[in-house]
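Residue numbers (my numbering): 82 to 469.
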């Protein structure tokens, strides 16, 4: 390439873009610190029910039922068909069942309360739980409609040490799930079948969140090592700064708009790291190639020429990914909405960072042709000496 050939002077505004990137990163960190993440069921723990209706689901009515029951983080989305609904909540069905039973028991008298929920003894084979009720006559419990067999299954009531022990056959989570199913059926006038019920405990959710953080750190470390081996450590620093910028800004957008952050979003962040480093490596490879070809030019000009040569490829790649994510966002449904939103934000930020962060950081570290020329073995002349 001749020195007179046209190129875009990207580095002419590098001070302004550096300032903009710093402000954007600080704003993203402030957003995360101020608002935090709206963690999804995968990280907080909770329950996921897949319901099958005999008619198209009325999501507003289902959502209204979930709000009436005061479920935490309720969500109802179509799952593959208009008659299939995924209900998600951060509550555990067993805890909600316990709360509901406690509220019904309290109606028996001011001092009556659910003292505890115990495991059945060896003599109580076939029972799931034992409810310990204080300050109530066992006959009153027997006469009440609280523990009807349709909901609780087989029931055994005994008085022990001043308390009333009620052994129930059905688990608490099943009791509340059936109750919730009935409320939704009543609201939608539909017959409902529970296809599946999955529970994510809070400890499992915390473990998933921690593992996700470790996954991001491992990805950054592996990228640093790969770029350092294939190129040079100054390129590695530029790549990591670029990836950190992309990740922090994307996370900041999710915190600012309080979009749900679940495993699909974490998967999108990891995919974004792979996409962004791929674009950065293409730019780096052209910079390395041009440093060896255009030895008489200064570093800024070589970088400008390299990015001009790869600009069309970067834009076309980004546009194709962006358009696919738009289609996924519009037609992929609620379950993939988080993934597509994270990728949409990340693709835009990643394209910018490959030019104005990755290359800019490398230039700021003083990259030059001496960093990229092949090592001369002892007894051999340099490449410049051998050139005619």
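Don't be surprised by glycine CBs; every beta carbon is placed ideally from N, CA and C.
Residue i versus residue j - alpha carbon distance
i, j, result
"residue 206", "residue 255", "18 Å"
"residue 117", "residue 322", "23 Å"
"residue 121", "residue 287", "11 Å"
"residue 114", "residue 334", "12 Å"
"residue 202", "residue 211", "9 Å"
"residue 294", "residue 312", "27 Å"
"residue 277", "residue 226", "29 Å"
"residue 257", "residue 174", "6 Å"
"residue 209", "residue 348", "38 Å"
"residue 302", "residue 389", "29 Å"
"residue 204", "residue 408", "59 Å"
"residue 251", "residue 228", "11 Å"
"residue 241", "residue 222", "14 Å"
"residue 383", "residue 375", "7 Å"
"residue 279", "residue 200", "22 Å"
"residue 232", "residue 106", "54 Å"
"residue 181", "residue 259", "13 Å"
"residue 300", "residue 156", "32 Å"
"residue 244", "residue 220", "12 Å"
"residue 185", "residue 410", "44 Å"
"residue 267", "residue 246", "32 Å"
"residue 198", "residue 355", "49 Å"
"residue 360", "residue 128", "39 Å"
"residue 176", "residue 183", "11 Å"
Check: residue i C-beta below 7 Å from any heavy atom of the ligand FMN
i, result
"residue 384", "In terms of ligand content, the structure shown is empty, and the ligand FMN therefore cannot be addressed."
Cβ pair residue i, residue j closer than 8 Å
i, j, result
"residue 320", "residue 330", "no"
"residue 166", "residue 138", "yes"
"residue 263", "residue 249", "no"
"residue 415", "residue 236", "no"
"residue 328", "residue 419", "no"
"residue 154", "residue 171", "yes"
"residue 424", "residue 325", "no"
"residue 150", "residue 261", "yes"
"residue 470", "residue 297", "The chain is shown only over 82 to 469; residue 470 falls outside these bounds and no answer can be derived."
"residue 387", "residue 432", "no"
"residue 316", "residue 308", "yes"
"residue 474", "residue 164", "This structure cannot speak to residue 474, because the chain is shown only from 82 to 469."
"residue 342", "residue 119", "yes"
"residue 281", "residue 381", "no"
Exposure of residue i, with buried meaning 16 or more beta-carbon neighbours within 10 Å
i, result
"residue 97", "exposed"
"residue 292", "exposed"
"residue 125", "buried"
"residue 412", "exposed"
"residue 94", "exposed"
"residue 178", "buried"
"residue 101", "exposed"
"residue 112", "buried"
"residue 239", "exposed"
"residue 109", "buried"
"residue 404", "exposed"
"residue 161", "exposed"
"residue 103", "exposed"
Proximal residues to residue i (C-beta, below 6 Å), its chain only, five neighbours per side dropped
i, result
"residue 385", "88, 90, 91 and 92"
"residue 269", "139 and 142"
"residue 406", "421, 424 and 425"
"residue 391", "363, 364 and 367"
7 Å CB neighbourhood of residue i in its chain, flanking five on each side removed
i, result
"residue 290", "124"
"residue 99", "441"
contact_flag[the segment 423-439, the segment 391-402] where n(CB pairs < 8 Å) is 3 or more = yes
Is there contact between the segment 207-220 and the segment 189-196, where contact requires at least three CB pairs shorter than 8 Å?
-> yes
Just checking, does the segment 433-440 make contact with the segment 334-354 on the three C-beta pairs under 8 Å criterion?
-> no
Is the number of C-beta pairs between the segment 136-151 and the segment 357-364 that are closer than 8 Å three or more?
-> no
Check whether the segment 122-141 touches the segment 265-274, counting contact only when three or more Cβ pairs, one atom from each stretch, lie closer than 8 Å.
-> yes
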